[in-house]
Amino acid sequence: MDFLMVFLRLADWAVYQLLANSCYRAAMKVKNHGFFLLRNHPPQKSPHHQFPLFPSFTSCCFKKDQQQTVVCDIQNTILLNSKSFFPYFMLVAFEGGSILRAFILLLSYPLLFVLDHELGLRLMIFITFCGLKLKDMENAGRAVLPKFYLENLNLQVHQFFVSARRFESRVVIFTRVPRVMVEGFCKEYLSVDDVRGTELHSIGKYFSGFVSSSGVLVKHKAVKELFQNEKKPDIGIGSSGLHDQLFISQCKEAYVVTKEDGKRSARTIMPREKYPKHLVFHDGRLAFFPTPLATLCMFLWFPLGILLAIVRLCAGIYLPYHIARIIGGSTGVNIKIEGCDYSWEKKNKRNGVLFVCTHRTLLDPVFLTMTIGKPLTAVTYSLSKMSEMISPIKTVRLTRDRKIDGETMHKLLSEGDLVVCPEGTTCREPYLLRFSSLFAELTDEIVPVAMNTHVTMFYGTTASGLKCLDPIFFLMNPRPTYHVQVLGKLAKELTCGAGGKSSHEVANYIQKKLAGALGFECTNLTRRDKYLMLAGNQGIVEDHNSKSTKCPSS
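Just so we're aligned: the sequence shown equals residues -20 to -1, 1 to 534 in mature numbering (1 follows the signal peptide of the UniProt record, and there is no 0).
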């Protein structure tokens, strides 16, 4: 009987908290906004929203001869282009968790309108992190989230951060979202000194889905706790909301990012050249910003996308090249062909032609074969058994032993034309990785090929996921695009044999030529740098960080 009474009391409390109290808040929102809209009258605003208590952050200036402390929140100041943090939770759920976890998170989205901010945040945290490995969150924070943070970066506030670092100011971020979701980006890309956010509870190597005993971070209280034995922070930046007003009121000087500043920032997209750090590598399958509507469209497309990928794949494997191109085009695959036509005479030639391609996906040699209309042989460093089985062209594995690989490719060239990707791994961004020079020592019959791709929903490459699914994900896109530009054959005087050039000179020349054709930038980064950054399977090296920051050209 006692247990029954306790259960009934808990049920009564839950009904009040989740239904009565939340429905009352929802009804008040409708009353204060919807009713006035229907009467063509603007919703009533509090004097606080009409007359901000603090000036705009654009009027803030630093003192040259004094080291200052700056505090702000990442959600309401830096990421103004995304009003909700829901898409970033979706990225963690999909990339770090699974598609099922992402689907459950999407189904919970309507509840966020009913629940208050703290309960909604706790719900998103529970669905996203319950049972998630700490390592998977670390990988997502390092390889997936920074790309989307940079694309939503407020240019004005970023320039403010640059000024703060120039005057050697101490910058501290306070945020209600989980610290593990923002700390890596803030310290790596924004050079923030400290990040305080909501701490998550974990059991061993897994998150429990609950926040720690300290609860959801309250920003103005966190400021008092951090600076209790010090003087107040010099500068505070926040939004015009009530919670942020309390937060920045703890500082000597307070500034707000107004709605006008936010609208101006939304129109000012951060250009790639102004990124605080070069974004050369990133991982994950999603090629779009997963807002609730965009994520819903993705899930509705998913079954049709799988069926479409199977049709496209079977056409490429079993049908002649010209028919496969027709079927691919009719199902939405767009192949753009430019440059020199492959029509060299092969009379009295003992060896085949070596095609040197930029590496965008595993399908590069396949699309080149379809473009030329004749079978080619591709050499790869690592390829899954499934990819080998479904490949419509001959593939040969290399060993990464220079002598053995050179003999293998020389033998293959004596049998016919060969495709090689000297970068050794794929790169999604407009950069070319350092070219291995081995190919230049094999033959003087070298044809550079500039390959590029464009997708709208799924990336067809991965560093930490299942590589066997790479072709499937690429072909699941509604309208994937492959741009194939066959350049002119390399002049004899620029080769190793007839021209007397070194293999490194030839490799660097072709890299620059391909980069110029695509509008890309050359780098000295390698496959090892990519996997250190994205998969973390070889540890973190300081030299790697400096390379990624400088992005030196070959």
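Where a beta carbon is used, it is the ideal one built from N, C-alpha and C, also for glycine.
Each residue's CA atom was taken as its position, placing Lys127 and Gly480 some 43 Å apart. Rounded to whole angstroms, Leu133 and Leu170 show a C-alpha spacing of 10 Å.
Approximately 23 Å separates the beta-carbon atoms of Met456 and Thr338; this is outside 8 Å, ruling out the contact.
Taking the Cα positions, Cys476 is about 9 Å away from His484. The region 386 to 394 makes no contact with the region 429 to 449, as fewer than three CB pairs between them are under 8 Å.
The Cβ atoms of Leu222 and Arg176 lie no closer than 8 Å to each other.
For Thr108, the enclosing alpha helix (DSSP H) has its first and last residue at His97 to Phe109. Secondary structure remark: continuous alpha helix (DSSP H) runs of at least 4 residues inside the region 232 to 315, in chain order: 239 to 247, 272 to 298 and 301 to 310. For a cut-off of 8 Å, the C-beta gap from Thr155 to Leu197 is around 7 Å, short enough to register as a contact. Nearest to Val137 by C-alpha distance, out of Leu80, Phe65, Gly121 and Cys52, is Cys52. Residue pairing of Tyr411 in beta bridges, as defined by DSSP: Glu501.
Between Thr49 and Asp214, the CB-CB gap stays under 8 Å. Secondary structure of Gly386 (DSSP, three-state): helix. Exclusion of the five residues before and after Leu418 leaves Arg382, Asp385, Gly386, Met389, Pro402 and Ser483 as the residues of its chain whose Cβ lies within less than 8 Å of its Cβ. Taking a contact to require three or more Cβ pairs closer than 8 Å, the region 361 to 368 and the region 297 to 312 do not qualify as touching.
A distance of 8 Å or more separates the beta carbons of Gly296 and Leu398. In this structure Leu348 is in contact with Val464, their Cβ atoms being roughly 6 Å apart against a cut-off of 8 Å. Going by beta carbons, Lys493 and Asp424 fall outside the 8 Å limit. Per DSSP, His200 is one residue of the alpha helix (DSSP H) stretching across Lys199 to Leu206. DSSP, read as helix, strand or coil, puts Tyr186 in strand.
The criterion of a C-beta distance shorter than 8 Å is satisfied by Leu412 and Thr503. Contact between Tyr89 and Pro272 is confirmed by a C-beta separation of about 5 Å, below the 8 Å threshold.
Gly111 is the residue among Gly111, Ala274 and Ile153 whose C-alpha sits nearest the C-alpha of Ser78. Shown here for Thr311: same chain residues with a beta carbon closer than 7 Å to its own, the five before and five after excluded, namely Leu288, Val291 and Arg292 in chain order. Beta bridge pairing from DSSP links Val142 with no other residue.
Cβ neighbours of Glu75 within its own chain (closer than 6 Å, five residues either side excluded): Ala120, Val124 and Gly264. Of the candidates Pro256, Val157 and Met278, Met278 places its Cα closest to the Cα of Ala82. In the DSSP assignment, Cys401 falls outside any beta strand (DSSP E) and carries neither an H nor an E.
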